[in-house]
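*Asks:* The letter at position 70 of the sequence shown is residue 70 when you use full-length UniProt numbering, and the numbering goes up by one with no holes.
My questions will all concern the structure given below.
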Amino acid sequence: MRIGKIDIDRPVILAPMEDVTDRAFRQLCKRHGADIVYTEFVSAEAIRRGAEKSMRKLRMDAHERPVAVQIFGNTVESMIEAAAIAESFDPDYLDINFGCPVKKVAGRGAGAALLKEPEKLSAIASAVARAVSLPVTAKTRIGWDHDSINITDIVRRLEDAGMQAVAVHGRTRSDMYKGRADWGRIAEAKQACSIPVIANGDIWSADDVVAMFAETGADGIMIGRGSIGNPFIFSQAKHLLQTGDRLPLPSYRDRIEAAREHLHLSLEYKDEKYGVLEMRRHYSTYLKGLPGVSKVRNLLVRETDPAVIVELLGQFEAACEALDREGRLKEGGEFLNDHSPKLILNY
């Protein structure tokens, strides 16, 4: 799959996710094999105003590359100006969000709302492509609702507007994240245009990646929610694609170490207060299914001292090791029976 100077065969890509794909998480996913990563989406209006939080989202590190910045807005003027500013942060390419379903975005005429205004969508895409020297791509959904599925028209418009690739999430805006993503509609999008199509929606395992490539004919796969608490999915998917063999599931040690590594990266890129605060949403996904996780999570999300959090994770790992020695954990670390284990933690 080629976008500008980037040329990767069957890339497995980290999707843009608000409050998730910050520098810490992007770097963690790169370490675990993500071929391309995306920033959180950033409001064009906020970029124009120079809003501090939004400008932070545009920053990146060299070892994240290739990295794309995603922007969203509802006017040609704001998107042109925001794109020029985003370009100055030197991403590998820019991406336009034409798919966000949430009310605060679509309710203001941006994101998925532009699927109801194809002419305006085309105008924004074309204007941004002309305004910058970087490659420009887009991410979208298959339609506003099931009575107005228009993905084949949309991808043709995006190709005509100069987009170098398009990522398609296989749900409508009205679906939000309910039900199953319609991979068949992604396959239709792939057949309708000649630019690369990146398939997105309901990727929870390496086997899903292989299946989605086969069912859609897509040029790349984009993983969103399936990567939260599970950065291992990228290396697992690439190994399966390249060898046909499955890697072992991450052990409890792997999962606890990933949480610890994520915390350290979060502290590196943010001050201590926000580094600790913004990690709280991640612990439950890293530790899901491990014995005694409810108690441990409650301790982790209340703690403000990063040294204590690291110590607590170490104690949790030691407790899991004790259960493992007794043969009471299965692959991946889940408890083998229905009886809640009694973990001894010094808190």
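We put the CB at the ideal spot given by N, CA and C, even for glycine.
What residue range does the alpha helix (DSSP H) around F89 cover?
*Replies:* Start at 1 with the first residue of the sequence shown, and residue 89 comes out as number 89. Taken as a continuous stretch (DSSP letters only), F89 belongs to no alpha helix (DSSP H), as it is neither H nor E.
*Asks:* Do R297 and Y283 have their C-beta atoms within less than 8 angstroms of each other?
*Replies:* Your numbering for residue 297 matches position 297 in the sequence shown. Your numbering for residue 283 matches position 283 in the sequence shown. Result yes, Cβ atoms of R297 and Y283 sit closer than 8 angstroms.
*Asks:* Jot down the residue ranges of each uninterrupted alpha helix (DSSP H) in the segment 19-105, minimum 4 residues, whole runs only, in chain order.
*Replies:* You should have 23-31, 44-49, 52-57 and 76-87.
*Asks:* Using the rule of at least 16 other Cβ atoms within 10 Å of the residue's Cβ for burial, across every protein chain shown, is M79 buried or exposed?
*Replies:* Counting from 1 along the sequence shown, the entry for residue 79 is found at position 79. Its Cβ being crowded by 16 or more others within 10 Å, M79 is buried.
*Asks:* Does DSSP put V128 in a helix, a strand or coil?
*Replies:* Within the sequence shown, numbered from 1, the residue matching residue 128 stands at position 128. Correct three-state label for V128: helix.
*Asks:* Per DSSP, A138 forms a beta bridge with which residues?
*Replies:* Locating residue 138 in the sequence shown gives position 138, counting from the first residue. Looking at the DSSP assignment, A138 forms a beta bridge with I96 and V166.
*Asks:* Can G99 and K53 be called in contact, C-beta distance under 8 angstroms?
*Replies:* The residue given as residue 99 occupies position 99 in the sequence shown. The residue given as residue 53 occupies position 53 in the sequence shown. Not a contact, by the Cβ cut-off of 8 angstroms.
*Asks:* According to DSSP, is N200 part of a helix, a strand, or is it coil?
*Replies:* As a position in the sequence shown, residue 200 is number 200, starting the count at 1. DSSP places N200 in strand when its eight states are reduced to three.
*Asks:* Give me the Cα-Cα distance between E311 and M279, rounded to the nearest whole angstrom.
*Replies:* Residue numbering aside, residue 311 sits at position 311 when the sequence shown is read from its first letter. Residue numbering aside, residue 279 sits at position 279 when the sequence shown is read from its first letter. Each residue's alpha carbon lies about 16 angstroms from the other.
*Asks:* So, at 8 angstroms on beta carbons, what are the nonlocal neighbours of V67 in its own chain, with the 5 sequence-adjacent residues on each side left out?
*Replies:* Counting from 1 along the sequence shown, the entry for residue 67 is found at position 67. Excluding residues within five positions, the ones whose Cβ falls inside 8 angstroms are R26, I36, V37, Y38, T39, M60, P91 and D92.
*Asks:* Quick check on M176: does DSSP put it in helix, strand or coil?
*Replies:* Taking the first residue of the sequence shown as 1, we reach residue 176 at position 176. In this structure, M176 counts as coil in the three-state DSSP scheme.
*Asks:* Leaving aside the five residues before and after K5 along the sequence, list all residues of the same chain whose C-beta is less than 6 angstroms from its C-beta, in chain order.
*Replies:* Counting from 1 along the sequence shown, the entry for residue 5 is found at position 5. Correct list: empty, nothing qualifies.
*Asks:* Of the choices S235, P248, A110 and I228, whose alpha-carbon is the least far from that of V209?
*Replies:* Here residue 209 is taken as the residue at index 209 of the sequence shown, counted from 1. Selected option, being the one with the closest Cα: S235.
*Asks:* Let me know the secondary structure DSSP gives L290 once reduced to three states.
*Replies:* Counted from its first residue, the sequence shown places residue 290 at position 290. Here L290 sits in coil by DSSP.
*Asks:* Within the continuous beta strand (DSSP E) that includes G229, where are the two ends?
*Replies:* If you number the sequence shown from 1, residue 229 lands on position 229. Note, G229: premise wrong, no beta strand (DSSP E); not H, not E.
*Asks:* Where does the unbroken alpha helix (DSSP H) through I223 begin, and where does it stop?
*Replies:* Numbered from its first residue, the sequence shown carries residue 223 at position 223. No alpha helix (DSSP H) contains I223, which is instead part of the beta strand (DSSP E) from G220 to I223.
*Asks:* For P135, does the count of other Cβ atoms within 10 angstroms reach 16, so buried, or fall short, so exposed?
*Replies:* Position 135 of the sequence shown, counted from the first residue, corresponds to residue 135. With 16 or more other Cβ atoms within 10 Å, it is buried.
*Asks:* Could you tell me whether the Cβ atoms of A131 and A84 are closer together than 8 angstroms?
*Replies:* Sequence index remark: in the sequence shown, residue 131 carries index 131 (1-based). Sequence index remark: in the sequence shown, residue 84 carries index 84 (1-based). Closer than 8 angstroms, so yes.
*Asks:* Would you kindly work out how many angstroms separate the C-alpha atoms of V12 and P196, rounded to a whole number?
*Replies:* Stepping through the sequence shown from its first residue, residue 12 is reached at position 12. Stepping through the sequence shown from its first residue, residue 196 is reached at position 196. Straight-line Cα distance between these residues: approximately 13 angstroms.
*Asks:* In this structure, how does DSSP classify D182 when only helix, strand and coil are distinguished?
*Replies:* Here the question's residue 182 lines up with position 182 in the sequence shown. Note: D182 maps to coil in three-state DSSP.
*Asks:* Whole angstroms is fine: what's the gap from V166's alpha carbon to D207's?
*Replies:* Position 166 of the sequence shown, counted from the first residue, corresponds to residue 166. Position 207 of the sequence shown, counted from the first residue, corresponds to residue 207. Using only the alpha carbons, I get a separation of about 23 angstroms.
*Asks:* Taking the continuous beta strand (DSSP E) assigned at L14, which residues delimit it?
*Replies:* Stepping through the sequence shown from its first residue, residue 14 is reached at position 14. Start and end: V12 to L14.
*Asks:* Round the Cβ separation of V168 and C193 to the nearest angstrom and send it over; I've been treating them as touching at under 8 angstroms.
*Replies:* Here residue 168 refers to the residue found at position 168 when the sequence shown is read from its first residue. Here residue 193 refers to the residue found at position 193 when the sequence shown is read from its first residue. Contact doesn't hold; Cβ gap of about 10 angstroms is too wide.
*Asks:* What first and last residue would you give for the alpha helix (DSSP H) that runs through A307?
*Replies:* Residue 307 sits at position 307 when you count from the first residue of the sequence shown. P306 to R325 is the extent of the alpha helix (DSSP H) around A307.
*Asks:* Please name the residue, chosen from D175, L290, C29 and G220, that lies closest to D147 on a Cα-to-Cα basis.
*Replies:* Here residue 147 refers to the residue found at position 147 when the sequence shown is read from its first residue. Checked all of D175, L290, C29 and G220; the closest Cα to D147 is D175.
*Asks:* Among residues of its own chain, excluding the 5 on either side of D245, which ones have a beta-carbon nearer than 8 angstroms to its beta-carbon?
*Replies:* In the sequence shown, counting from the first residue as 1, residue 245 sits at position 245. Contacts found: H239.
*Asks:* Cutting at 6 angstroms between CB atoms, please list the residues of its own chain near D7, excluding the five before and the five after it.
*Replies:* The residue you call residue 7 lines up with position 7 of the sequence shown. Around D7: no qualifying Cβ.
*Asks:* Excluding sequence positions up to five away, which residues of its chain have a Cβ less than 6 angstroms from the Cβ of L158?
*Replies:* Working through the sequence shown from its first residue, we reach residue 158 at position 158. Closer than 6 angstroms at the Cβ level, and outside the excluded window around L158, lie A125, A138 and V166.
*Asks:* Rounded to whole angstroms, what is the Cα-Cα separation between R302 and G289?
*Replies:* Locating residue 302 in the sequence shown gives position 302, where the first residue counts as 1. Locating residue 289 in the sequence shown gives position 289, where the first residue counts as 1. R302 and G289: Cα-Cα distance of roughly 20 angstroms.
*Asks:* Alpha carbon to alpha carbon, what distance is there between C320 and A112?
*Replies:* Locating residue 112 in the sequence shown gives position 112, where the first residue counts as 1. Locating residue 320 in the sequence shown gives position 320, where the first residue counts as 1. Answer to the nearest angstrom: the Cα atoms are 44 angstroms apart.
*Asks:* For R65 versus Y269, is the C-beta spacing smaller than 8 angstroms?
*Replies:* Along the sequence shown, read from residue 1 onward, the residue named residue 65 stands at position 65. Along the sequence shown, read from residue 1 onward, the residue named residue 269 stands at position 269. No.
*Asks:* For D207, does the three-state DSSP call read helix, strand or coil?
*Replies:* As a position in the sequence shown, residue 207 is number 207, starting the count at 1. Note: D207 maps to helix in three-state DSSP.
*Asks:* Roughly how many angstroms separate the alpha carbons of N150 and N74, rounded to a whole number?
*Replies:* Here residue 150 refers to the residue found at position 150 of the sequence shown. Here residue 74 refers to the residue found at position 74 of the sequence shown. The straight-line gap from Cα to Cα measures roughly 19 angstroms.
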